[in-house]
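Written out below as structure tokens is the structure these notes cover.
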Amino acid sequence: MGRSSRKGGGMPSQRQLRVGELVRKSLSECLTRGEIIDPFLEQFVISIPEVRMSPDLTLATAFVMPLGAPGEEKAIVDALNGHKKYLRGRLGRDLTLKHTPDLRFRYDETFDEASRIDALLDSPLVQRDLHHEDDASEDDTDDK
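Counted the way the working numbering counts, the sequence shown spans residues 5 to 148.
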């Protein structure tokens, strides 16, 4: 199986991961330094946990996590998407790439999903099942 047999649904290449990390670092520094002149965005601390690159490196999807801004996620993503032309120009100056990737910002839902799973695991029904299994395994060891 050569490179040509690989379809877009596979794991990202080493190059995609490396360029994605460079883009993430550059965007994070730009946001940290407050280079975007936007009174709305200046109110928030915005973290960029991940940037995913398309296989041809022409599109960068930046996942953003606004800290301490419940309910403002969509507005923050929309504001960042409104400034993507400036940020793309900034990337062009920071990175040495043949083509500067287009930017797309998305809200990172992994932390919300992890919290939801934690809440499920802490629920009384799951705890009851876990304690029930522990009791059954102790009974099995007592019989030996």
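From the three backbone atoms N, C-alpha and C, an ideal C-beta is built for every residue, glycine too.
Predicted model, so just to flag it, every value in this text is computed and none were measured.
May I have the straight-line CA-CA distance separating residue i from residue j, to the nearest angstrom?
i, j, result
"residue 112", "residue 59", "21 angstroms"
"residue 50", "residue 86", "15 angstroms"
"residue 72", "residue 120", "18 angstroms"
"residue 94", "residue 70", "21 angstroms"
"residue 41", "residue 32", "15 angstroms"
"residue 152", "residue 135", "What the structure shows of the chain is the stretch from 5 to 148, and residue 152 is not part of that stretch, so it cannot be assessed."
"residue 79", "residue 44", "9 angstroms"
"residue 133", "residue 74", "33 angstroms"
"residue 83", "residue 36", "16 angstroms"
"residue 131", "residue 117", "19 angstroms"
"residue 88", "residue 125", "39 angstroms"
"residue 30", "residue 46", "18 angstroms"
What residue from the options has the CA that sits closest to residue i's CA?
i, options, result
"residue 115", "103, 22, 123", "123"
"residue 17", "70, 35, 61, 129", "61"
"residue 27", "118, 107, 38, 77", "107"
"residue 97", "46, 20, 34", "34"
"residue 66", "14, 81, 74", "81"
"residue 14", "56, 68, 48, 29", "56"
With DSSP as the reference, label residue i as helix, strand or coil.
i, result
"residue 30", "helix"
"residue 37", "coil"
"residue 44", "coil"
"residue 104", "coil"
"residue 5", "Caution is warranted here: a pLDDT of 40 is assigned to residue 5, below 50, making its placement in the model unreliable, and no coordinate value can be reported."
"residue 17", "coil"
"residue 70", "strand"
"residue 77", "helix"
"residue 99", "coil"
"residue 129", "helix"
"residue 135", "helix"
With DSSP as the reference, identify every bridge partner of residue i, one or two as the case may be.
i, result
"residue 65", "56, 108"
"residue 49", "71"
Would you mind reading off the limits of the alpha helix (DSSP H) that contains residue i?
i, result
"residue 119", "114 to 126"
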